[in-house]
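Quick look at the structure:
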């Protein structure tokens, strides 16, 4: 039996305190990306590329799919980041015709410099939780992530032309 409250279709966001706090957190995360990108002299999509590469190398095609841009747009992003010394193109070890993109240590240090105060505060916050409290927070955040992924993974076609930008 589903114990979730009935939410009228006319008001899909049932504004409990926890949901309002989550909404505020998501808005702050969007602002954070904008601010860190600006302070690091990057576009938001360039920062998103570096964030992806911080988890390990990928090929240009995989990066394009992750960023939801065309391969031509991804090439421009990679070229700009490479010129700035933020990533290296490395031949794939198993297929020398392919290239893997690696974030540089200097790019990692640049982004982390801007995020260090947040990381320190989050570490203190996490350290103050009991194991049981941490388990509840983890369960809630995983559930929230699953809800977001439902929208992100939806194969519904986009309306319009992405704000008039040229894909090519």
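In the numbering used here, the protein residues as written are 236 to 403.
Quick reminder that beta carbons are idealized off the backbone N, C-alpha and C, glycines included.
Please classify residue 385 as buried or exposed, where buried requires at least 16 neighbouring CB atoms within 10 angstroms. The residue labelled residue 385 in the question sits at position 150 within the chain shown. Residue 385 is exposed by the Cβ-count criterion.
Secondary structure of residue 349, DSSP reduced to three states: Numbered from its first residue, the chain shown carries residue 349 at position 114. In the three-state DSSP reduction, residue 349 falls in the helix class (H, G or I).
Beta strand (DSSP E) segments (min. 3 residues) lying fully within the segment 345-391: none
In three-state DSSP terms, what is residue 277? Walking along the chain shown from the start, residue 277 turns up at place 42. In this structure, residue 277 counts as coil in the three-state DSSP scheme.
In the DSSP assignment, the beta strand (DSSP E) including residue 323 goes from what residue to what residue? Numbered from 1 along the chain shown, position 88 holds the residue referred to as residue 323. Here the beta strand (DSSP E) through residue 323 covers 322-326.
Since residue 290 is in the alpha helix (DSSP H), which residue starts that stretch and which ends it? Taking the chain shown and counting its residues from 1, one reaches residue 290 at position 55. That residue, residue 290, is in no alpha helix (DSSP H); it is neither H nor E in DSSP.
In the DSSP output, which residue or residues are listed as bridge partners for residue 338? Sequence index remark: in the chain shown, residue 338 carries index 103 (1-based). According to DSSP, residue 338 bridges with 322.
Neighbourhood of residue 253 by C-beta distance below 8 Å, restricted to the same chain and skipping five residues each side: As a first step, residue 253 is located in the chain shown; it is residue number 18 there, counting from the start. Sequence-distant Cβ neighbours of residue 253 in its own chain, meaning closer than 8 Å and more than five residues away, are 375.
Residue nearest to residue 388 in terms of C-alpha spacing, selected from 296, 303, 267 and 290: As a working mapping, residue 388 is identified with position 153 in the chain shown. The shortest Cα separation from residue 388 among 296, 303, 267 and 290 belongs to 303.
Is residue 365 near the ligand ATP, with its Cβ less than 7 Å from a heavy atom? Ligands displayed in this structure: none; no statement on the ligand ATP is therefore possible.
Among 311, 269, 325 and 320, nearest to residue 292 - alpha-carbon criterion: Residue 292 sits at position 57 when you count from the first residue of the chain shown. The shortest Cα separation from residue 292 among 311, 269, 325 and 320 belongs to 325.
With a Cβ-Cβ cutoff of 8 Å, do residue 305 and residue 299 count as a contact? Looking up residue 305 in the chain shown gives position 70. Looking up residue 299 in the chain shown gives position 64. Contact: yes.
Counting C-beta neighbours from all protein chains within 10 Å, is the total for residue 260 16 or more, i.e. buried, or is it exposed? Reading the chain shown from its first residue, position 25 is the one you call residue 260. By the 10 Å Cβ count, residue 260 comes out exposed.
Please state whether DSSP places residue 314 in a helix, a strand or coil. Position 79 of the chain shown, counted from the start, is the residue given in the question as residue 314. Residue 314 carries a helical assignment under DSSP once its states are collapsed to helix, strand and coil.
Whole angstroms are fine: how far does the CA of residue 288 sit from the CA of residue 337? Start at 1 with the first residue of the chain shown, and residue 337 comes out as number 102. Start at 1 with the first residue of the chain shown, and residue 288 comes out as number 53. The straight-line gap from Cα to Cα measures roughly 6 Å.
Residue 436, buried or exposed, once every other Cβ within 10 Å from all chains shown has been counted against 16: Any property of residue 436 remains undetermined from this structure, which presents the chain solely from 236 to 403.
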